[in-house]
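Structure record follows, encoded as structure tokens.
In our numbering, the protein residues as written are 740 to 832.
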């Protein structure tokens with residue numbers, strides 16, 4: 740699910756050119772300059788979020804695979820215990 744979310748975010752990423760339509764000459768040069776800085780920062784943060792989601796998805800898959808192995812090991816131990824254990828009624832102990 741995380742990788743799908745990262746893919747959707749990447750597909751719908753903001754367009755830097757559209758986001759900076761308010762820069763000079765459409766606005767005061769100082770305002771336009773600050774807008775470009777803000778859009779650049781926001782775009783970098785957006786890319787970081789997408790990369791983080793993709794990395795978390797990869798780590799989650801690896802962790803899940805490890806837990807499946809651990810569960811299989813535990814199931815084997817429990818099965819061996821059940822197979823090798825004999826029920827002794829209390830009065831025969």
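Yeah, the Cβ is synthetic: ideal placement off N, Cα and C, and Gly gets one too.
CB-CB length for residue 747 against residue 799, believed under 8 Å: The sequence position of residue 747 within the chain shown is 8, counting from 1. The sequence position of residue 799 within the chain shown is 60, counting from 1. The pair is not a contact, with the Cβ atoms about 17 Å apart (cut-off 8 Å).
Boundaries of the alpha helix (DSSP H) in which residue 755 is found, first to last residue: Taking the chain shown and counting its residues from 1, one reaches residue 755 at position 16. Counting along the chain, the unbroken alpha helix (DSSP H) around residue 755 starts and ends at 755–758.
Sequence-distant residues of its chain with Cβ nearer than 7 Å to residue 795 (five each side left out): Indexing the chain shown from 1 puts residue 795 at position 56. The residues 741, in chain order, have a CB closer than 7 Å to that of residue 795 in the same chain once the five nearest residues on each side in sequence are set aside.
Simplified DSSP state of residue 827, which is helix, strand or coil: Working through the chain shown from its first residue, we reach residue 827 at position 88. Residue 827 falls in the coil class under three-state DSSP.
Spatial distance of residue 782 from residue 818 (CA atoms): Within the chain shown, residue 782 is the residue found at index 43, counting from 1. Within the chain shown, residue 818 is the residue found at index 79, counting from 1. Residue 782 and residue 818 have their C-alpha atoms spaced approximately 54 Å apart.
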